[in-house]
Each structure stands twice: as C-alpha cells, then as structure tokens.
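*Asks:*
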Amino acid sequence: MSALLSINGLSKSFGAVVVADETSFEVRAGEAVGILGPNGAGKTSLFNLIAGTLRPDAGRIEFADSDITETSAARRCKLGIARSFQVPQPFGGMTVFENALVGATQGADLSGREAESHALTVLQETGLLPKANVRAETLTLLERKRLEMARALSAKPTLLLLDEIAGGLTDAECGALIESIKRIHAGGTTIIWIEHVVHALLAVVQRVIVVDFGRKIAEGEPGRIMESREVKEIYLGVDPDA
Amino acid sequence: MSDPVVSRATRTSRIAVVVALLALIVLAAAPWWAGRADMRLMSEIFLYLSLASLWNLMAGYAGLVSVGQQAFVGFGGYMLFALTVFGGLHPIAAILLAGLLASALSVPIASLIFRLKGAYFAIGTWVVAEVFRLSFAQISALGGGSGSSLPVGIVRSLASSRSGREALTYWLALGAAAVVILSVYLFLRSQRGLALTAIRDSEVAASGLGINIWRTKLEVYVVTSALTAIIGGLIFLQKLRISPDAAFSINDWTAFVIFIVVIGGIGTLEGPIIGTIIFFALREFLADFGTIYLMVLGLVAIIVMLKAPKGVWGLVRDRFDLELFPLSYRVRLDQDRKKT
Ligand SMILES: Nc1ncnc2c1ncn2[C@@H]1O[C@H](COP(=O)(O)OP(=O)(O)OP(=O)(O)O)[C@@H](O)[C@H]1O
Ligand SMILES: [Mg+2]
Chain A
1 MSALLSINGL SKSFGAVVVA DETSFEVRAG EAVGILGPNG AGKTSLFNLI AGTLRPDAGR
61 IEFADSDITE TSAARRCKLG IARSFQVPQP FGGMTVFENA LVGATQGADL SGREAESHAL
121 TVLQETGLLP KANVRAETLT LLERKRLEMA RALSAKPTLL LLDEIAGGLT DAECGALIES
181 IKRIHAGGTT IIWIEHVVHA LLAVVQRVIV VDFGRKIAEG EPGRIMESRE VKEIYLGVDP
241 DA
Chain B
1 MSDPVVSRAT RTSRIAVVVA LLALIVLAAA PWWAGRADMR LMSEIFLYLS LASLWNLMAG
61 YAGLVSVGQQ AFVGFGGYML FALTVFGGLH PIAAILLAGL LASALSVPIA SLIFRLKGAY
121 FAIGTWVVAE VFRLSFAQIS ALGGGSGSSL PVGIVRSLAS SRSGREALTY WLALGAAAVV
181 ILSVYLFLRS QRGLALTAIR DSEVAASGLG INIWRTKLEV YVVTSALTAI IGGLIFLQKL
241 RISPDAAFSI NDWTAFVIFI VVIGGIGTLE GPIIGTIIFF ALREFLADFG TIYLMVLGLV
301 AIIVMLKAPK GVWGLVRDRF DLELFPLSYR VRLDQDRKKT
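These protein sequences, in sequence, are chains A and B. Start counting the first sequence at 1; every next residue gets the next number (my numbering). Start counting the second sequence at 1; every next residue gets the next number (my numbering).
1) According to DSSP, is B:Asp201 part of a helix, a strand, or is it coil?
2) Should the region 51-58 of chain B be regarded as contacting the region 112-131 of chain B, the criterion being three or more beta carbon pairs within less than 8 Å?
3) Are the region 253-272 of chain B and the region 144-163 of chain B in contact at 8 Å, needing three or more beta carbon pairs?
4) Kindly provide the ranges of any alpha helix (DSSP H) runs that are 4 or more residues long and lie completely inside the region 282-325 of chain B, ordered along the chain.
5) Identify whether A:Gly107 lies in helix, strand or coil by the three-state DSSP scheme.
6) Would you identify the three-state DSSP class for A:Ser11, choosing helix, strand or coil?
7) Could you check where the alpha helix (DSSP H) with A:Lys78 kicks off and where it finishes?
8) Quick one: is A:Lys145 near chain B, going by C-beta distance under 7 Å?
9) Is B:Arg200 buried or exposed, if buried means 16 or more other CB atoms sit within 10 Å of its CB?
10) Using a strict less-than 7 Å threshold between each residue's beta carbon and the heavy atoms of ligand 2, what residues do you get?
11) Does ligand 1 have even one heavy atom less than 6 Å from the beta-carbon of A:Asn39?
12) Give the secondary structure of B:Ser7 by DSSP, where H, G and I count as helix, E and B as strand, and everything else as coil.
13) Helix, strand or coil for A:Val33 per DSSP?
14) What does B:Pro4 reach in chain A if we use C-beta pairs closer than 8 Å?
15) Jot down the residue ranges of each uninterrupted beta strand (DSSP E) in the region 140-223 of chain A, minimum 3 residues, whole runs only, in chain order.
16) Under the assumption that A:Leu142 contacts A:Lys131 (Cβ atoms under 8 Å), give the Cβ distance between them as a whole number of angstroms.
17) Would the C-beta of A:Phe14 count as close to ligand 1, meaning under 6 Å from any of its heavy atoms?
18) Which one of B:Ala122, B:Tyr170, B:Ser7 has the shortest CA to CA distance from B:Ala28?
19) Checking 7 Å against the spacing of the C-beta atoms, do B:Thr216 and B:Leu196 come in under that value?
20) With a 10 Å radius around its C-beta and 16 neighbouring C-beta atoms as the bar for buried, classify A:Arg146 as buried or exposed.
21) Among B:Leu80, B:Ala102, B:Ala229, which one has its Cα closest to the Cα of B:Leu142?
22) Under a three-way DSSP split, which group does B:Gly175 fall into?
23) CA-CA distance, A:Arg83 and B:Gly298?
24) Please name the residue in A:Ala172, A:Lys156, A:Arg151, A:Ala176 whose C-alpha comes closest to that of A:Gln89.
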C-alpha cells in the first residue's frame, strides 16, 4: 500500500520550545498508528501541524499524493483529515446532534436527510444518541471527549486523528471505546491515535511512534517498542517535567 | 429499534409564528388606529430592531465585534440625500441603491480591517466610521459640517399628503424590520447558517470541520453592511434632516444597539427582539429624568452582563427550554415516542 500521509523534515518551535524537530514518518492507507510520548513532547502540536491549525517552520506534509503544507485547515478537512481536540472544543450553544450535523454538512458535504442520517449514525456509534438534543455546553468532560470523536467522524474522514480520548474512563467504557475504534478502523478509516492509556492504544494500533522534545525517538511494532530502552526511560524512569 | 426522527419546529415555535403573523397584521394597520407620535415611535423601534438584529448577526455570530456600523447608517442616510438631490432618484430607489453601494464599499473595508484581531478590529471599525464622518463633513454640496434638509419636492414625491407620507415611512420601517428578521432567520436556518453558528461557538473547531471562516465572515460583513445602510436611509427618511454628527453618531447607532443586543441575549435570534422592547420601555419610562436615563441604561447593562451574560433571553431559554424561531433540530428517539 502507498503512503496516505507522509511527513518530511517537519519542524516547528515556539521560541525556545521545540515541538517538532525534523520529524519524518509515513502512514499507509488503512493503518492504525499510535503516538506515545511524555507530557509536552509535542504530540498535540504534531496533530495541529497535520490538521492545519499550525503552520510548520520547515518541512513538508503530503496527503493522498498532494502537498498540503500550505493548505488551510478547512480544506484539509474536505480532503479527508479530521481530528478530535485534546481540550474539547464543542459548539457549546448547539445541540449534540447539531454538532455532528456541522461535520456531516460542512466536512462531508452531505445535505438534507442524508446528512441527518449520517449524523445520527455517528451519534449511535459513539453512544451519544440519548444526548442528541442536549446543548453541548452542558455535557460532562467525558461526554465532550466523546463528542470530539463523534464530530470528527461526522466529517467522514479517510484519516482520523484522535488525541487522548481514553483518559478517565472506567474499564467497561474503555473496552467499549476500543471496540468502537476497531470498528471504525475495520471500516477502512486510517487512524493516528495519541494516547497515554497504553493498553487501550496497544489493543488497536499496529505501529507506534514515540516522540520526545519534538523528536521522533522510536518507531515500530508495538511489542518491540514497549520493550525499548527509550520508552522505558520515559514511562518508568526519569520524569522529564521534574 | 426504529429510526429516530429529526424535526425542527416545536410547539412554542408554531404558536410564535401565528402570534407574529397576527402582530404583523395589527401593526400594518397602525395608520388607521395609531396617532402620529405613536407611529413615529414605532417606526423608530422597528429600525432599531433591524439594526440590532444585523449587529447581532455580525458580532454575535460571526464574531465581528464592530463599534463602527454607524459608518454604514450614515452612509445610507447621506446616499439618500445625494442620490435624490443630485441623482434625481425616487427616495426608495435611492435607499436600495445605497444598500448596493454599501456592499461594494464594504469589501475593501473588510480587506483592511479583517487583518485586525479582537480589540484592534473594534478600534479599526471605529476609525473607518470617523473617516466617513470627516469625509462627508467636507462635502459642501451636502451641507458640510452643518448638514442639510431633504428638499420639499423630494419629500412630496413620496406621497402628496402628510398623512400619506407618514403612513408610507411607517410601512417602510415595519417592512424593513420584517424583512431583516426573516432574512436573518432563513439564513441561520440554512446549512450556511449552521456553519455560521458553529463559528460563533468555536472558530478553531469550525475550521477543522471544513468551514471557510474568512469567507463566511466576509459574506456576513458585506450583507449586514448593505442592510445597515438601507436602514440608515430609512432612518433619515424619517428625520428628513441629516448632518455628519447625527449620521455617524456612535452613541445612537452603535452604543444603543450594542446595549439592546447584550441585554436581550447576544448570539440568539430572539435576543435583539427582547432587547429592543426593554430598551424602549426603559427609554419611555425614564424620558422625564433627562440624563439619568443614560446612567440607568449603563447600570442595567452592567448588571445583566454580570448576572446574565447570555442576556434576558438566555435566562428564559435555559429555564424553560423555549425557542421562538425553530432553528434547532430535535431528534425524536424511540423512548420519547413511547412516552407521548
Ligand atoms: N500555541 C503555542 N504557543 C506556545 N507554546 C505552545 C503552543 N502550543 C504548545 N506549546 C508548547 O509546546 C509544548 C508541546 O505541547 P503539546 O501540546 O504539543 O504537547 P503534548 O505532547 O500534546 O503534551 P500532552 O501529553 O500534555 O498533551 C508544550 O511545552 C506547550 O506548552
Ligand atoms: Mg497533547
């Protein structure tokens, strides 16, 4: 399979804080890739760069064989990239259903009944259907996180970017989330998932990328990566924030 | 499980439509039941309602917090005078053309001030309005700094009798308010309106879902500016006299309008309507107290902003789950149907 997303020498810094340091990697169509790294490593920034919320200082991003480095976030969504925000950004004054309808109409370019039924399907998949008529600002944090995923799905992405959606869930909820993401992946959607809840991540992804200080420090098959020295250092040893 | 059903109208909204239509008929008949002073007051209310609805669309939804819409009110007013006096146009044609000209003018202005963010944007809009005021004060043919009156011949071209003219300007104001509110409603109800509402709530999420923020804002700015100019034309068709200070008054055409929208509930369709009612009730009630009236307005605004940031309509809606204009989608689920 050819690469759906390819990142080449991507760099970005905020003053002295380097969030991406000549990062390069590829994601093939249909893959599920996990991203690991300590707090502040630059994971969310990487998503911002891929989704177009942030412009790189250097490097290139290609998606589906075209250069999207200069493409707007809105256009990237239309091309098939949708993301969830780590810090939820719900359309607070709109109902949960309307949140999903925005993605269905604007991102997926559906209209009328077709858009409505797609929005409903997405709410069903994410377990938000009972909350459909509730204004999003009244949701709890966990529900908002689920809405993030629902809204991203409503845009019918070919590449779905998920940013820490498993934190704080009970075992049963986490299990349901894993099943749900597996179904989405089995449906043909390519997934990149940033997650600190490692066991959930490993239940889904086929490959992991580890980042620290904006640099990719390891990449490969999950089992091998989790045994590597770098990862053990990050997750068991030194706390970079201390 | 059978499929959920999506609908938009609610029982309140159906009642609201009937009430609105009845009110419109009664109001349209005002020349037969209302006095001259009442009709003038009601015209003013309708025109303020229009300005408030437009400012709300621009600031409350598109996030374009302008304090310079008096630029377009004054522009519309001056175009009424210029196009009738020098262009020989009928006043109504002049007012419509003023709207068209304002939309053309708003594009280069937008390309300038859209580069500014937050408070700088607001200041930018005010500077533009001041430039308008100073420029029109230079045009001696329009009376320069002291202004001019609409010539009698042009006033007569509206209708030969005074009562006929008063009825006509009243209907124009009522019609303008009805058209503005209906257009804002239909726009917000459309898919583009859904996108604009998303922008209201989160720009970063909206652009991540495929919405072109800049283009949407530009469209809203151009349309509101054009309609604001038309309302400006109607305002000065009532007044029959114009001067730079009256035409480009930040107090009259922006401060009061912001008050109305904030009190009523910014970012809601109902807010400007409620706000207009409150504003005029306060004004009529406090009319005898002179400048105390302005202080009370300020006090009310501060209290509402502190205690009810979503305005009076926000309070009512949160408490009773009401909606007068059926904008929301309601999903009817299985269990709901069993209950009903
Ligand atoms: N817009 C910004 N301006 C300045 N600094 C920023 C900005 N966005 C992120 N940073 C900084 O960049 C660093 C990386 O942030 P980022 O959110 O990408 O980390 P992360 O890997 O997602 O962390 P976490 O696991 O806590 O979510 C942090 O130090 C953060 O404070
Ligand atoms: Mg993060």
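By construction, the Cβ of each residue, glycine as well, lies at the ideal position given by its N, Cα and C atoms.
*Replies:* Based on what the coordinates show:
1) helix
2) no
3) no
4) 292-307, 311-320
5) helix
6) strand
7) 73-79 is the extent of the alpha helix (DSSP H) around A:Lys78.
8) Not one beta carbon of chain B lies nearer than 7 Å to the beta carbon of A:Lys145.
9) buried
10) This selection yields A:Lys43, A:Thr44, A:Gln86, A:Asp163, A:Glu164, A:Ile194.
11) Placement of the Cβ of A:Asn39 at a distance of less than 6 Å from at least one heavy atom of ligand 1 is found.
12) strand
13) strand
14) Within chain A, the residues placing a beta-carbon under 8 Å from that of B:Pro4 are Leu120, Leu129, Ala132, ordered along the chain.
15) 159-163, 190-194, 207-212, 215-220
16) The beta carbons of A:Leu142 and A:Lys131 sit about 11 Å from each other, so the pair does not count as a contact at 8 Å.
17) Distances from the CB of A:Phe14 to the heavy atoms of ligand 1 include at least one below 6 Å.
18) B:Tyr170
19) yes
20) buried
21) B:Leu80
22) Helix.
23) 43 Å
24) A:Arg151
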